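A.B. asks: One structure coming up, written as structure tokens, with questions to follow.
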Amino acid sequence: MKAAAPSAGGFPLGRALSCTPRPACLQRAGSLELGGGCRAPVQVRVLVINTGGTIGMVEEEQGLAPEANKLVKALKKMPMLHDEVYAKENKHCDCPKFPDNTLVLPLSEQNKRIVYTILELSPLLDSSNMTTDDWAKIARNIEKYYEQYDGFVILHGTDTMAYTASALSFMCENLGKTIILTGSQVPIYELRNDGRANLLGALLIAGQFVIPEVCLYFYHKLYRGNRVTKVDAGSFNAFSSPNLPPLANAEVDITVNWETVWRANTTKKFKVHTNMNRNVGLLRIFPGINAATVKAFLQPPMEGIVLETYGTGNAPNNREDLLDELKKATERKVVILNCTQCLRGSVAAVYATGQTLTSLGVIPGGDMTPEAALAKLSYTLSKSHLSWEEKKEMLSENLRGEMTVVPTGAKISLTDSKFIQAIAKSLNVSCKEELEAIRDALIPSLACAAAKIGDTDALKAIGEMGGNLSCEDYDGRTPLHIASSEGNLQLVEYLLKYGTTVYAKDMFGATPLKYAVKFRHIEVIQLLRETGAHLSSQELENIGTELCSLAANGDVEGLYAWYLAGANLEQTGYDGRTPLQIAEATGHVELLDFLNQLKIKQVMENEHSWEK
1 MKAAAPSAGG FPLGRALSCT PRPACLQRAG SLELGGGCRA PVQVRVLVIN
51 TGGTIGMVEE EQGLAPEANK LVKALKKMPM LHDEVYAKEN KHCDCPKFPD
101 NTLVLPLSEQ NKRIVYTILE LSPLLDSSNM TTDDWAKIAR NIEKYYEQYD
151 GFVILHGTDT MAYTASALSF MCENLGKTII LTGSQVPIYE LRNDGRANLL
201 GALLIAGQFV IPEVCLYFYH KLYRGNRVTK VDAGSFNAFS SPNLPPLANA
251 EVDITVNWET VWRANTTKKF KVHTNMNRNV GLLRIFPGIN AATVKAFLQP
301 PMEGIVLETY GTGNAPNNRE DLLDELKKAT ERKVVILNCT QCLRGSVAAV
351 YATGQTLTSL GVIPGGDMTP EAALAKLSYT LSKSHLSWEE KKEMLSENLR
401 GEMTVVPTGA KISLTDSKFI QAIAKSLNVS CKEELEAIRD ALIPSLACAA
451 AKIGDTDALK AIGEMGGNLS CEDYDGRTPL HIASSEGNLQ LVEYLLKYGT
501 TVYAKDMFGA TPLKYAVKFR HIEVIQLLRE TGAHLSSQEL ENIGTELCSL
551 AANGDVEGLY AWYLAGANLE QTGYDGRTPL QIAEATGHVE LLDFLNQLKI
601 KQVMENEHSW EK
């Protein structure tokens with residue numbers, strides 16, 4: 001017979017673990033500030049994964065080659081990349097997991113202190129030696145440290161950087177944080193190089209903006225990773241994004257094109273998919289190509305190819321031998337994805353030579369780069385639970401912003417907004433750039449005000465107008481911060497499905513999850529956690545004292561809110577005691593029962609994980 005679970009302060013263990021207790025009425029503070037009156041710099045943590053590449057190479061007898069354990073020592077001597085005085089005063093370099101590998105940037109203009117740790121993979125690689133196993137290794141490291149860092153920078157060689165960026169964009173599912181690949185054309189140790197500027201720019205963007213994409217930063221521009229290709233072997237401006245403008249430009253100011261930023265529109269947690277299908281390839285059509293060559297290329301174990309064709313997706317339609325081999329391949333369920341050889345433009349069945357391929361079962365690849373198409377093919381074919389038809393359909397969908405899709409619905413323009421029109425008229429402006437400036441100036445306040453009163457329709461209108469619903473007000477708060485503090489579950493859910501980031505920090509370093517905890521909105525906490533939200537390292541600093549204070553007051557609900565948010569209730573306070581020890585000393589019976597139940601649950605979970 002199953003014994004009834006003991007209760008603690010109105011929170012039975014079964015209920016605490018399976019359903020949502022209704023928050024009690026709380027006396028709300030008049031201000032949302034979590035940092036008091038002192039606005040200390042917001043600390044941001046970035047993990048730099050060093051895979052190798054030219055940026056860390058040295059000259060050897062046989063040419064440039066990566067050298068292990070050299071980069072950190074060199075960076076510590078560069079004031080622009082390491083504030084040695086601040087690091088010593090605050091002991092940031094005493095990170096137990098990466099001893100001596102943690103550095104800190106000088107304070108940014110946005111009052112943010114970016115602390116970054118360098119994880120050096122072994123062996124370091126020339127990117128020409130990069131394989132799918134190395135992609136998986138990078139992805140697993142991102143997954144392993146995902147909750148410990150606010151952003152990620154990957155140092156990588158330029159030759160295959162576009163391939164890795166494309167692959168990681170698909171491997172990283174439900175991504176909510178910024179991942180940036182960068183490197184250099186000249187080693188960072190050289191007097192004149194592009195490595196310092198590229199690394200600094202990548203760190204500043206990864207640490208100061210939540211752009212939930214796998215990106216590539218090079219020569220003052222941030223690109224979507226699956227949209228780039230290397231176009232120059234001897235220039236610092238080595239990469240191009242032919243069919244999509246940069247996500248951000250680092251000039252006098254760093255300007256982010258938020259309308260272009262891809263958003264996942266999901267409430268699922270981040271995870272990585274590392275089992276990529278290797279039976280894929282690239283086949284480039286050229287005049288007089290031999291049908292026997294095509295036949296040999298399409299033989300098992302080949303499961304899918306990217307066919308690089310002329311112009312808008314054209315291939316010879318007077319070559320029956322060639323077309324016959326392509327038809328036989330599709331009949332064997334070999335997936336063929338059609339991409340143009342042109343740097344710019346898209347596959348479209350405009351000519352008869354292009355329509356012939358479509359009639360054979362070849363899938364149009366839109367304006368994808370060959371690198372993105374190959375990665376997408378490898379990713380899609382690895383989904384063993386999908387049928388062949390489902391895989392083909394998936395290849396036609398825009399999964400990570402890798403292809404341009406013509407919108408089906410009419411989008412509201414700025415000139416459709418009577419409110420914007422009225423302001424524009426009073427300011428005597430009419431051009432698109434001025435209207436956009438007005439929109440960008442007003443939207444943060446309007447969106448946060450709409451979130452405060454729970455006006456979902458107003459937020460929808462702002463989104464349709466091209467507004468960024470992850471925008472920040474004067475205190476750095478987003479509409480999700482406001483909705484979470486108000487406990488508006490429906491609005492929080494809408495914002496999450498729209499793609500609003502759960503990782504944004506306000507000027508006090510607080511995330512939306514922290515506000516939900518502060519005001520005891522249990523359902524909101526649970527939804528945010530399901531989406532992947534977690535407390536940041538800054539929010540967890542000195543948390544033991546806060547937990548012990550709640551324990552001293554017998555505040556079961558407050559501790560429960562922190563527990564749901566992922567806090568460790570065994571943290572010690574300033575006097576070295578845990579909340580459980582405080583509860584024992586003060587004699588709060590209900591609190592003791594609750595904490596003991598959680599302890600039993602943790603033991604059971606540990607035993608279950610060992611059994612697995």
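full-length UniProt numbering applies: residue 1 is where the sequence shown begins, and numbers increase by one. Where a beta carbon is used, it is the ideal one built from N, C-alpha and C, also for glycine. Everything numeric in this text was worked out from a predicted model, so none of it was measured.
Quick check on the DSSP output: what are the complete beta strand (DSSP E) runs of length 3 or more inside the region 182 to 263, in order along the chain?
C.D. replies: You should have 214 to 218, 221 to 224, 248 to 250, 254 to 256.
A.B. asks: In angstroms with no decimal places, state the Cα-to-Cα distance between L550 and S536.
C.D. replies: Going by the C-alpha atoms only, they are around 20 Å apart.
A.B. asks: As a quick exercise: from G554, E89, A567, pick the residue whose alpha carbon is nearest that of Q538.
C.D. replies: Checked all of G554, E89, A567; the closest Cα to Q538 is A567.
A.B. asks: Can I285 and A315 be called in contact, C-beta distance under 7 Å?
C.D. replies: A contact, by the Cβ cut-off of 7 Å.
A.B. asks: In whole angstroms, what is the alpha-carbon distance linking G52 and L121?
C.D. replies: Roughly 8 Å between the two C-alpha positions.
A.B. asks: Between E530, H534, V334, which lies nearest to K268 when the distance is taken from Cα to Cα?
C.D. replies: The shortest Cα separation from K268 among E530, H534, V334 belongs to E530.
A.B. asks: What did DSSP end up calling F152 once you bin it into helix, strand or coil?
C.D. replies: Correct three-state label for F152: strand.
A.B. asks: Could you check the C-alpha separation between V231 and S241 for me, to the nearest Å?
C.D. replies: Going by the C-alpha atoms only, they are around 10 Å apart.
A.B. asks: Spatial neighbours of G573 within its chain, please: C-beta separation below 6 Å, excluding the five flanking residues on both sides.
C.D. replies: Here the set comprises G544, T545, C548.
A.B. asks: If we ignore side chains and look at the alpha-carbon of each, how far apart do L395 and L307 end up?
C.D. replies: Each residue's alpha carbon lies about 14 Å from the other.
A.B. asks: Taking I211 as the reference, give the member of E464, P246, F236, L199 with the closest Cα.
C.D. replies: It is P246.
A.B. asks: Going by CA-CA distance only, name the one from E584, T511, V58 that's closest to Y189.
C.D. replies: Of the listed residues, the one whose Cα sits closest to Y189 is V58.
A.B. asks: Does DSSP put E303 in a helix, a strand or coil?
C.D. replies: Correct three-state label for E303: coil.
A.B. asks: Does the distance from the CB of S378 to the CB of N277 come in under 7 Å?
C.D. replies: Against a cut-off of 7 Å, the Cβ pair of N277 and S378 comes out as a contact.
A.B. asks: Given a cut-off of 7 Å, decide if S382 and N553 are closer than it, judged by their beta-carbon atoms.
C.D. replies: Cβ distance not < 7 Å, so N553 and S382 don't count as in contact.
A.B. asks: Roughly how many angstroms lie between the CA atoms of R28 and E67, to the nearest whole one?
C.D. replies: At R28 the pLDDT is 38, less than 50, meaning the model places this residue with poor confidence and gives no usable figure here.
A.B. asks: Just the Cα atoms here: how many angstroms apart are L222 and N129?
C.D. replies: About 25 Å.
A.B. asks: In terms of DSSP beta bridges, what is Y310 paired with?
C.D. replies: For Y310, which the question treats as bridged, DSSP gives the partners N314.
A.B. asks: Considering only C-alpha positions, which residue in the set E89, D126, L103, K88 is nearest to A65?
C.D. replies: The candidate whose alpha carbon is nearest that of A65 is D126.
A.B. asks: So what's R28 in DSSP terms, helix, strand or just coil?
C.D. replies: Note that R28 scores a pLDDT of 38, beneath 50, so its modelled location is shaky; the value from the coordinates is reported in the next line. Residue state, collapsed to three classes: coil.
A.B. asks: Could you compute how far the alpha carbon of G487 sits from the alpha carbon of I525?
C.D. replies: Computed Cα separation, rounded: 9 Å.
A.B. asks: Using three-state DSSP, classify Q43 as helix, strand or coil.
C.D. replies: Of the three classes helix, strand and coil, the one that applies to Q43 here is strand, per DSSP.
A.B. asks: Contact between the region 68 to 81 and the region 172 to 187 is defined here as three or more beta-carbon pairs at a separation below 8 Å; is this criterion met?
C.D. replies: Result no; under three Cβ-Cβ pairs closer than 8 Å.
A.B. asks: Nearest by alpha-carbon distance to A139: which of I179, A162, W562 is it?
C.D. replies: When only C-alpha atoms are compared, the closest one is I179.
A.B. asks: Along the chain, where does the alpha helix (DSSP H) containing P123 start, and where does it finish?
C.D. replies: It is not in any alpha helix (DSSP H) - P123 instead sits in the beta strand (DSSP E) that spans 112 to 125.
A.B. asks: Pull up the CB-CB distance for A504 and L480, whole angstroms please, since I reckon it's below 8 Å.
C.D. replies: Yes, they are in contact, since the Cβ atoms of A504 and L480 sit about 7 Å apart, within 8 Å.
A.B. asks: Mapping DSSP to helix, strand and coil, what is T131?
C.D. replies: Of the three classes helix, strand and coil, the one that applies to T131 here is coil, per DSSP.
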